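Colleague: I have a structure here, written as structure tokens, and I will follow up with some questions on it.
In my numbering, the protein residues as written are 279 to 671.
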């Protein structure tokens, strides 16, 4: 079988599914770990923090080491670490201190997830396709579908075979990065920057005003997305008085499906749509969604606002990546690494702001979500500044 760039693109899609697995499988087992290994909730919460801290560190370091060892070796290492983390999760808690074993597993797959986040977009960008923005949006939709698939398929597995057989499921999930890593050893990977051009250095990137604007946009994109996504389940339970399982389906699942739908829509019809206008419209819709979620007294309308937020933020992250790739063609791996880093900072700061304001207002989550309006509003300002700069040029 001859592997082509179409195979490379499919492997990139699966790469984001791998990242969805390593980010979303473990949280489904938190209560199980608490009951089975008597791990306190404070330590379990620490696992999430360490996961994203490791990914942030990898984002930062990626700009230095990926270009030196090459894309193929780096993406293979990413899949090896992702698979190893899932496999170690089934072994280490039984032979050493359970929390330490789980922590080592989390660090291993977080390294893999961090490299995937930095590399998959530039590998896709290097593929010879006609509409890069369309391909990029479709690519990022697969993280959403991966998230939905992990939750649904894991829930079905636990229902049929029982939660005690979670190690079997972890090994099944590990098969995906193993196979995808093997494919990446053979499939063609084009250089991101043509051989007749010189890539920008980190110093040149940081001297570029547009790069700073794009990084601010990435912070706002990540924050706009996660400010509601991370609190959607609790918001659904608090507002509607429904169970945890129903809250997960009504909150994060609906959010992820609509966010993936927005990305898939642009992925299909992107060549007919102006990216800047679509991002501007989405940012305005995001503000409307935040207002519906935070200001209206009706719990149902608030939940609709949460769902609309998923639809509105879909294009923000991949759209900013596409704008960066088109505007700074020689930005190279360093550009994608720093964009991923600032995007992750936004993913951390959005939910943190919502949580902090909610706590200051006596547990009023609506006040926290209302405050998070600052992120889509700032994104609108950045888009208008970019448009003004293009008009002058």
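The beta-carbon is built from N, C-alpha and C at its ideal position, and this holds for glycine as well. None of the values given here were measured: they were computed from a predicted structure.
Which residue wins for smallest C-alpha separation from residue 553, given the options 542, 600, 625, 569?
Modeller: Of the candidates 542, 600, 625, 569, the one whose C-alpha sits nearest the C-alpha of residue 553 is 600.
Colleague: Return yes when the Cβ of residue 429 is within less than 8 angstroms of the Cβ of residue 389, no when it is not.
Modeller: Not a contact, by the Cβ cut-off of 8 angstroms.
Colleague: Kindly indicate which three-state DSSP category residue 281 falls into: helix, strand or coil?
Modeller: coil
Colleague: Return yes when the Cβ of residue 538 is within less than 8 angstroms of the Cβ of residue 426, no when it is not.
Modeller: yes
Colleague: Helix, strand or coil: how does DSSP classify residue 641 here?
Modeller: coil
Colleague: Below 8 angstroms between beta carbons: does that hold for residue 395 and residue 312?
Modeller: When the beta-carbon positions are compared, residue 395 and residue 312 stay at least 8 angstroms from each other.
Colleague: Need the endpoints of the alpha helix (DSSP H) that residue 532 sits in, please.
Modeller: 532 to 547
Colleague: Where does residue 468 sit, in a helix, a strand or coil, going by DSSP?
Modeller: It is coil, neither helix nor strand.
Colleague: Kindly give me the distance between the Cβ atoms of residue 465 and residue 286, rounded to whole angstroms, as I take these residues to be in contact under 8 angstroms.
Modeller: 5 angstroms
Colleague: Note down the Cα distance separating residue 595 from residue 643, rounded to an integer number of angstroms.
Modeller: Taking the straight line joining both Cα atoms gives about 25 angstroms.
Colleague: From residue 368 to residue 374, what does the alpha carbon distance come to, in whole angstroms?
Modeller: 12 angstroms
Colleague: Going by DSSP, what residue range makes up the alpha helix (DSSP H) through residue 376?
Modeller: Here the alpha helix (DSSP H) through residue 376 covers 376 to 404.
Colleague: Closest to residue 616 by C-alpha separation, out of 662, 490, 650, 361, would be which residue?
Modeller: Out of 662, 490, 650, 361, the CA that lies nearest to the CA of residue 616 is found in 490.
Colleague: CB residue 432 to CB residue 391, shorter than 8 angstroms?
Modeller: no
Colleague: Looking at residue 325: is its Cβ nearer than 8 angstroms to the Cβ of residue 304?
Modeller: yes
Colleague: So the alpha helix (DSSP H) residue 576 belongs to, where does it begin and stop?
Modeller: From DSSP, residue 576 is part of no alpha helix (DSSP H); its letter is neither H nor E.
Colleague: Three-state secondary structure (DSSP) at residue 663?
Modeller: Helix, per DSSP.
Colleague: Where residue 370 and residue 487 are concerned, what is the direct C-alpha to C-alpha distance, given to the nearest angstrom?
Modeller: 47 angstroms
Colleague: For residue 608 and residue 597, I'd like the C-alpha separation in whole angstroms.
Modeller: 18 angstroms
Colleague: With burial defined as no fewer than 16 other Cβ atoms inside 10 Å of the residue's Cβ, what is the status of residue 649: buried or exposed?
Modeller: When all chains shown are included, residue 649 counts as buried.
Colleague: Who are the near neighbours of residue 380 in its chain, counting only those whose CB is closer than 6 angstroms to its CB and skipping five residues on each side?
Modeller: 371
Colleague: Put residue 636 into one of helix, strand or coil per three-state DSSP.
Modeller: Residue 636: helix per DSSP, three-state reduction.
Colleague: Hey, could you find the ends of the alpha helix (DSSP H) residue 449 is sitting in?
Modeller: 444 to 462
Colleague: Which one of 453, 455, 591, 399 has the shortest CA to CA distance from residue 497?
Modeller: 591
Colleague: How many whole angstroms separate the CB atoms of residue 495 and residue 625, which I take to be in contact at a CB cut-off of 8 angstroms?
Modeller: So it is not a contact: roughly 14 angstroms between Cβ atoms.
Colleague: Return the Cβ separation of residue 363 and residue 292 in integer angstroms, given the expectation that the two are a contact with Cβ distance under 8 angstroms.
Modeller: Actually they are not in contact, since the Cβ atoms of residue 363 and residue 292 sit about 17 angstroms apart, beyond 8 angstroms.
Colleague: Which residues bound the alpha helix (DSSP H) around residue 479?
Modeller: Run containing residue 479: none; DSSP gives neither H nor E here.
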